[in-house]
Structures are given as C-alpha cells and as structure tokens.
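Asker: One structure follows; several queries about it will come next.
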Amino acid sequence: MDMDSSPGTNRLGQTIAKRIGKQMEGESSLVLDFGEIKDDESLLTNTFPIPIPKGEYHVLRSLTYGKVGDILAKTQNIGSPGSGEHDHKTFVLNSVHGPVKGTIGTPASGQPDPPDPPQSSAGGGGSEGAHQHHVLVPEKMRSLKPGDRVLVAWVQNEAVVIDIVVSS
1 MDMDSSPGTN
11 RLGQTIAKRI
21 GKQMEGESSL
31 VLDFGEIKDD
41 ESLLTNTFPI
51 PIPKGEYHVL
61 RSLTYGKVGD
71 ILAKTQNIGS
81 PGSGEHDHKT
91 FVLNSVHGPV
101 KGTIGTPASG
111 QPDPPDPPQS
121 SAGGGGSEGA
131 HQHHVLVPEK
141 MRSLKPGDRV
151 LVAWVQNEAV
161 VIDIVVSS
C-alpha cells in the first residue's frame, strides 16, 4: 500500500508538520482545545483532524465515576469495609408533645446490599433499624459518553480530557 496516496495519512502528516513548524518558530503551542466524544468513544478535537481512539487519550479521574445512578459510595462501619452496616442507639427527647423515643446507634446487623442498580438511596431496614445509605452518581459527576462536548488540554503531544463542557 502506498502511504503517500492515503488522504488520512496526508492530513496527519500535514497537521504534525504544522505543529512542529509553529514550535520551531517560537510560537506558543496550543494548550487548551475543545473536542467531542464520538459514538465509538474516540475523541475528535477542533485542531486535530483525526479521531483519537479510546485508550489513546487520557481522562481526568473525576470523569470515570460511572453512569448516573451507579453507587459512588455507601456507609460502612470502621473495620467492616463494604458491609454497609452502621450502629444505632436508643435516645429519649422531650418535646412539646412529651417524650419521644428513637434509635441512633444500637448495634445493628448488616443488611444485604439493595438491588444494583438500587431502587433508592437506602437499603432495607431490619428490626433494629439497620440500613445502608448509598450515594449515587449524579448527572453532574457522570462518566463521559458519546456526544459530550469536552475541554481538552494538550500536554506535549497527548490529549487529556479535563471536563465536560455544558451550556450556560
């Protein structure tokens, strides 16, 4: 195959040559760029004409938390990672309607995890009030998905997706 006749190879070569030329002339190189995550999860930036395949660009960790509704974190006792259980104790408060009794800390057995994905942010309750709390990934913290407009930082010749760009 003759590489000189490939339009993609020619465009890539021209882009690289332009970047090298700008750096040699002492011009400041592009640091920030906009891009889009394509259907195949490749990254296409405004200044680099060829999609960068998934796995060949970098993403800040905060853009990898998961889909909306995935479990981001859940409660646990110290020494019981992942158990979801936490203690409850009995207390009595005097209110305008008389004494009110409740629980906040009596040792409670752990309950199984709620369904995954959970139907709500709390697990099932037990006779001692044992339950779990799940913090779910909100829309504003979700992972990248196709169609996202993104801010890209170029670190030397590597693209790093910084964040999702949204309308004001």
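Counting in the UniProt record's numbering, the sequence shown runs from 1 upward without gaps.
The beta-carbon is built from N, C-alpha and C at its ideal position, and this holds for glycine as well.
For residue 172, count neighbouring Cβ atoms within 10 angstroms of its own Cβ and tell me buried if that reaches 16, exposed if not.
Answerer: It is not possible to answer for residue 172, since the shown part of the chain is limited to 1 through 168.
Asker: So V161 packs on V152, CB below 8 Å; how close in whole Å?
Answerer: Within the sequence shown, numbered from 1, the residue matching residue 161 stands at position 161. Within the sequence shown, numbered from 1, the residue matching residue 152 stands at position 152. That pair is a contact at about 6 Å.
Asker: When you compare each of L72, V155, D148, L144 to H133 by their alpha carbons, which one comes out closest?
Answerer: Along the sequence shown, one-based indexing puts residue 133 at 133. Comparing Cα positions, the closest option is L72.
Asker: Taking a contact to mean a Cβ-Cβ separation below 7 Å, would you say R149 touches V68 in this structure?
Answerer: Within the sequence shown, the letter at position 149 stands for residue 149. Within the sequence shown, the letter at position 68 stands for residue 68. Cβ distance not < 7 Å, so R149 and V68 don't count as in contact.
Asker: Per DSSP, what kind of secondary structure is P99 in: helix, strand or coil?
Answerer: On the sequence shown, residue 99 is found 99 positions in, with the first residue counted as 1. Note: P99 maps to strand in three-state DSSP.
Asker: Roughly how many angstroms lie between the CA atoms of P118 and H58, to the nearest whole one?
Answerer: If you number the sequence shown from 1, residue 118 lands on position 118. If you number the sequence shown from 1, residue 58 lands on position 58. Unreliable placement is indicated for P118, whose pLDDT of 41 sits below 50; the coordinate value is still reported in the next sentence. Cα-Cα distance, rounded: 30 Å.
Asker: Pick helix, strand or coil for D116, following the three-state DSSP scheme.
Answerer: Locating residue 116 in the sequence shown gives position 116, counting from the first residue. In this prediction, D116 scores a pLDDT of 45, lower than 50, which makes its location untrustworthy; no coordinate-derived value is stated.
Asker: If you run the structure through DSSP and keep just helix, strand and coil, what is G69?
Answerer: Within the sequence shown, numbered from 1, the residue matching residue 69 stands at position 69. Here G69 sits in coil by DSSP.
Asker: What is the rounded straight-line gap between the Cα of P146 and the Cα of S62?
Answerer: In the sequence shown, the residue the question calls residue 146 occupies position 146. In the sequence shown, the residue the question calls residue 62 occupies position 62. Between P146 and S62, the C-alpha separation is close to 17 Å.
Asker: Can you give the Cα-Cα distance for P138 and L60, rounded to whole angstroms?
Answerer: Counted from its first residue, the sequence shown places residue 138 at position 138. Counted from its first residue, the sequence shown places residue 60 at position 60. Rounded to whole angstroms, P138 to L60 spans 17 Å at the Cα level.
Asker: Can you tell which of L136, F48, K140 has its C-alpha closest to the C-alpha of Q14?
Answerer: Locating residue 14 in the sequence shown gives position 14, where the first residue counts as 1. It is F48.
Asker: Have a look at K74 and Q156 and give me their C-alpha separation to the nearest angstrom.
Answerer: For the purposes of this step, residue 74 is identified with residue 74 of the sequence shown, where counting begins at 1. For the purposes of this step, residue 156 is identified with residue 156 of the sequence shown, where counting begins at 1. Taking the straight line from one Cα to the other gives about 39 Å.
Asker: Between the C-alpha atoms of E158 and V135, what's the straight-line distance to the nearest angstrom?
Answerer: Numbered from 1 along the sequence shown, position 158 holds the residue referred to as residue 158. Numbered from 1 along the sequence shown, position 135 holds the residue referred to as residue 135. Whole-angstrom Cα-Cα distance: 33 Å.
Asker: Would you list the one or two residues that DSSP bridges to G35?
Answerer: Within the sequence shown, residue 35 is the residue found at index 35, counting from 1. T45, V150.
Asker: Measuring alpha carbon to alpha carbon, tell me which of I37, G66, S42, V96 ends up nearest I164.
Answerer: In the sequence shown, counting from the first residue as 1, residue 164 sits at position 164. Among I37, G66, S42, V96, the Cα nearest to that of I164 belongs to I37.
Asker: In whole angstroms, what is the alpha-carbon distance linking G55 and E41?
Answerer: Sequence index remark: in the sequence shown, residue 55 carries index 55 (1-based). Sequence index remark: in the sequence shown, residue 41 carries index 41 (1-based). Their backbone Cα atoms lie some 9 Å apart in a straight line.
Asker: Might you give, ordered along the chain, the residues of its own chain that have their beta carbon closer than 7 Å to the beta carbon of R11, omitting 5 neighbours on each side?
Answerer: The residue you call residue 11 lines up with position 11 of the sequence shown. Closer than 7 Å at the Cβ level, and outside the excluded window around R11, lie P49, I50.
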